[in-house]
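Residue numbers (the numbering used here): 285 to 613. Here the structure comes first, spelled out in structure tokens, and everything after it is commentary.
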Ligand code: AHG
Ligand code: MN
Ligand code: MN
């Protein structure tokens with residue numbers, strides 16, 4: 285069977301401006317993958333003596349990955365500006381093109397706590413259209429504050445035993461695997477679909493005593509197993525990298541939760557809406573799953589800030605609908 289590459293896929297599935305941006309992101313992730321695979325033999329390991337806007341100590345690979353994506357994405361002619369977990373404010377690239385102007389947000393290196401222990405990490409990206417009233421002017425931060433439903437594309441790359449990209453352009457979900465020999469992204473999946481039912485959930489159980497009652501009820505019922513109200517046994521996983529945990533549920537069903545908890549009552553959750561919850565939520569919905577933030581669909585939330593956090597529950601549709609029912613009970 286002749287192999288379809290990402291380039292061939294995009295030439296059919298995306299208008300040229302978006303295709304060029306996705307290709308640039310893919311080139312950047314190949315560079316990042318190279319640094320990840322070099323590990324301590326390379327120059328990208330270790331922490332820096334500085335924090336990002338999140339108040340988190342930055343790893344060298346966080347900053348290196350961010351710099352790589354800034355450089356490669358700037359070559360995409362339709363791109364007006366970028367935003368990143370690692371940057372306080374937006375990075376303007378050019379005045380908004382007359383038509384087809386794009387904005388991209390990314391978490392350049394997701395799962396940073398796993399870098400030093402050689403566990404899967406990744407890159408997450410989200411593409412939004414420039415607002416209709418913006419052509420000809422400089423892009424501003426407010427242009428990014430669009431609900432997740434507006435996304436034109438979303439994807440992630442997981443740097444695991446394989447380097448894989450999962451991508452949606454709003455017409456289903458496709459998978460690409462980096463061929464280390466040729467350097468090509470080869471299509472290895474299309475029409476990915478999340479099983480609606482599951483026996484597997486992912487949550488950091490160390491936070492159990494802090495969860496809201498609906499989340500506690502859902503997890504307790506899973507733990508009660510076949511003797512409990514669910515009538516079946518469940519399995520638990522927690523990688524500590526959202527890309528790895530979500531990739532698993534895309535691949536074999538499941539639920540990923542990083543919900544609000546009472547440790548910081550004014551904070552909706554740990555994960556960020558614009559470049560973690562929204563892109564992953566778009567991919568999950570496009571694969572037939574659901575993404576819920578404790579009040580409504582993640583993709584319906586109107587962002588008020590670039591680094592706004594969100595309560596995240598996403599995955600197999602029947603399980604998320606159960607969680608939604610418990611939150612509304
Ligand atoms: P990042 O490294 O980009 O800050 O993201 C880490 C996130 C997410 O990838 C993961 O699911 C979660 O943090 C893990 O949090 P805990 O370490 O609290 O379990
Ligand atoms: Mn992250
Ligand atoms: Mn990150």
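The beta carbon of each residue, even a glycine, is placed where N, CA and C say it ideally should be.
*Opening and closing residue of the beta strand (DSSP E) in which residue 492 lies*: That residue, residue 492, is in no beta strand (DSSP E); it is neither H nor E in DSSP.
*residue 473, DSSP secondary structure in three states*: strand
*asked:* Taking the beta carbon of residue 475 as the centre, do at least 16 other beta carbons fall within 10 Å, making it buried, or is it exposed?
replied: exposed
*asked:* For the stretch 503-510 against the stretch 465-480, do three or more pairs of beta-carbon atoms, one drawn from each stretch, fall closer than 8 Å, so that the two count as touching?
replied: no
*Verify whether the separation of the beta carbon atoms of residue 545 and residue 494 is less than 8 Å.*
yes
*asked:* Can you find the residues in the same chain that come closer than 8 Å, C-beta to C-beta, to residue 338, ignoring five residues on each side of it along the sequence?
replied: 369, 556, 591
*Any residue whose CB is nearer than 6 Å to a heavy atom belonging to ligand 2, listed in chain order*: 391, 394, 526, 560
*Identify whether residue 430 lies in helix, strand or coil by the three-state DSSP scheme.*
coil
*Limits of the unbroken beta strand (DSSP E) element including residue 574*: 574-576
*Taking the alpha carbon of residue 304 as the point to measure from, which residue in 352, 446, 384 has its own alpha carbon closest?*
384
*Would you please state the rounded distance, in angstroms, between the beta carbons of residue 565 and residue 432? I believe it to be under 8 Å.*
6 Å
*In chain order, which beta strand (DSSP E) runs of at least 3 residues are fully inside the stretch 325-399?*
331-335, 341-343, 363-368, 386-394
*asked:* I need the DSSP call for residue 461, collapsed to helix, strand or coil.
replied: strand
*Is the closest heavy atom of ligand 3 to the C-beta of residue 410 under 7 Å?*
no
*How about the stretch 427-445 and the stretch 515-528: do they share at least three Cβ pairs that are nearer than 8 Å?*
yes
*Say yes only if the C-beta of residue 396 is nearer than 7 Å to one or more non-hydrogen atoms of ligand 3, and no if none qualify.*
yes
_Run of the beta strand (DSSP E) containing residue 439, from where it starts to where it stops_ = 437-443
*residue 466, buried or exposed, once every other Cβ within 10 Å from all chains shown has been counted against 16*: exposed
*Grouping DSSP H, G and I as helix and E and B as strand, with all else coil, what is residue 565?*
helix
_Per the DSSP calculation, residue 418 is bridged to which residue(s)?_
In DSSP, residue 418 forms no bridge with anything.
*Do you know offhand how far residue 415's Cα is from residue 586's?*
15 Å
*asked:* Whole angstroms are fine: how far does the CA of residue 345 sit from the CA of residue 331?
replied: 8 Å
*asked:* Quick check: the stretch 601-610 against the stretch 423-430, are at least 3 beta-carbon pairs closer than 8 Å?
replied: no
*Can you tell me the Cα-Cα spacing of residue 584 and residue 434, whole angstroms?*
9 Å
*Among residues of its own chain, excluding the 5 on either side of residue 291, which ones have a beta-carbon nearer than 7 Å to its beta-carbon?*
307
*Answer with buried or exposed for residue 593, where buried requires no fewer than 16 other C-beta atoms within 10 angstroms of its C-beta.*
buried
*Can you find at least 3 beta carbon pairs, one from the stretch 451-468 and one from the stretch 419-427, that sit closer than 8 Å?*
no
*Is residue 299 buried or exposed, if buried means 16 or more other CB atoms sit within 10 Å of its CB?*
exposed
*Report the three-state DSSP secondary structure of residue 600 (helix, strand or coil).*
coil
*Check the DSSP bridge columns for residue 413 and list the partner residues they point to.*
386
*Could you give the residue range of the alpha helix (DSSP H) that holds residue 484?*
That residue, residue 484, is in no alpha helix (DSSP H); its beta strand (DSSP E) goes 484-486.
*Decide if the stretch 511-520 is in contact with the stretch 480-493; the criterion is three or more beta carbon pairs, one per stretch, under 8 Å apart.*
yes
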